[in-house]
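Letter by letter, the sequence shown follows residues 113 to 385 in our numbering. Even for Gly, the Cβ is constructed at its ideal location relative to N, Cα and C.
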Amino acid sequence: MEGNFTFSDNFLPKVSQRFYFCTLLLETCQSRAGCSRMSAWVFKIFASLDAESVGNCPFCQRLFMILWLKRAEFVLTTVDMKRAPEVLKALAPGSQPPFLIFNGEVKTDTNKIEEFLEENLAPPRYPKLCCTYKESNLAGEDIFRKFSAYIKNPNPGLNIMLEKQFLSTLVKLNMYLETPLPHELERNPDANESSRLYLDGNAFTLADCNLLPKLNIVKVVCKKYRNFDIPTELKGLTRYLDNAYKQDEFRHTCPQDEEILLAYKSVAKYLTS
């Protein structure tokens, strides 16, 4: 069962079915002339439990953000994989969505899909989203791993150690966000602290599309299971998240908190004495 919705900047699609997980399929549509030039994209995604927002899948959100930032024309389609056409089930047996289909070839690696979108949705028609500084791509790369160990631990005796390890990754990201980038120092050689909005500057890049969906999950789950808030003393990280949540491309692609907590219900552990 599917429902189609044309996506534009002024329209946030809503769906009429209730699904529990999130998946994504991107297909290129051939132009009427029959050439291989991409004319539109089909974006197939599982709806959330509330039937109005996306489900919990940081990889799908990452690609959703990229398409939105590219200002690409695409159609949002809801798909129930349990009742999906056999062609969808047979795309990549044993692999987890998201998928990309182009000219009959299936890509299942999110990084490869991102590379494909960046190469094929390129200037002058589409904006470039790659980072100017390679360090921006690595910022925060170890946060999710430490978060997982922290939140899945049921042993109170290990909590302090795991929390410190997790917190150290946030501090490391904060340091990067507070450190002026070369172009900031060119404008102001005496700058001691960065004033940029995002990882690589004042515009979203691929690095933000990768990191922000994970940080949103971290924020929601840590508050629920550890009563842990990202410290306001981490001014660079706090500024980064505040600015990100103001942007439609991030805010409107985030799953609702209930969706995230539902996904973590079976793996996150409350501490027991």
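Burial state of residue i (16 or more Cβ within 10 Å)
i    : result
K276 : exposed
K347 : exposed
E305 : exposed
P294 : exposed
S378 : exposed
V218 : exposed
E226 : buried
I272 : exposed
A234 : exposed
R338 : buried
L270 : exposed
P268 : exposed
P367 : buried
Spatial neighbours of residue i in its chain, beta-carbon cut-off 8 Å, leaving aside the 5 residues before and after
i    : result
L241 : I178, L181, K182, E230, F316, T317, L318 and C321
E396 : What is shown of the chain runs 113 to 385, which leaves residue 396 out entirely.
N355 : L309 and Y310
E298 : none
E247 : Y288
P266 : K381, Y382, L383 and T384
Beta carbon of residue i nearer than 7 Å to that of residue j
i    : j    : result
A251 : L311 : yes
L349 : N286 : yes
V332 : D369 : yes
K381 : K224 : no
K80  : L373 : Residue 80 is absent from the structure shown; the chain starts at 113 and stops at 385.
N168 : E361 : no
F211 : T220 : yes
Y288 : L274 : no
F176 : T344 : no
E363 : Y357 : Contrary to the premise, residue 363 reads as Arg rather than Glu in this sequence. In contact: R363 and Y357 (Cβ atoms closer than 7 Å).
Nearest-angstrom Cβ-Cβ length linking residue i and residue j, presumed shorter than 8 Å
i    : j    : result
I342 : L383 : Their Cβ separation, rounded to whole angstroms, is 19 Å, which puts I342 and L383 out of contact at 8 Å.
F171 : T222 : 5 Å
A184 : Y238 : 6 Å
Own chain residues within Cβ distance below 6 Å of residue i, not counting five before or after
i    : result
N300 : none
P325 : P170, Q173 and R174
I329 : I372
F340 : C334
Y376 : V333
L323 : G252
C243 : N249, D312, T317 and A319
K284 : none
N314 : R308
Q359 : none
I255 : T281
Range of the contiguous beta strand (DSSP E) that encloses residue i
i    : result
V218 : E217 to K219
E340 : It should be noted that the sequence gives Phe, not Glu, for residue 340. Note, F340: premise wrong, no beta strand (DSSP E); not H, not E.
L289 : No beta strand (DSSP E) holds L289; the alpha helix (DSSP H) holding it covers P268 to E290.
L212 : F211 to F214
For residue i, the first and last residue of its enclosing alpha helix (DSSP H)
i    : result
F112 : Outside the modelled stretch of the chain, which goes from 113 to 385, sits residue 112, for which no answer is possible.
I263 : I255 to I263
N355 : K347 to Y357
Q368 : From DSSP, Q368 is part of no alpha helix (DSSP H); its letter is neither H nor E.
K381 : Taken as a continuous stretch (DSSP letters only), K381 belongs to no alpha helix (DSSP H), as it is neither H nor E.
C172 : P170 to K182
N314 : Taken as a continuous stretch (DSSP letters only), N314 belongs to no alpha helix (DSSP H), as it is neither H nor E.
E298 : P294 to R299
Contacting residues, own chain, Cβ-Cβ under 7 Å from residue i (five flanking each side not counted)
i    : result
T291 : S306
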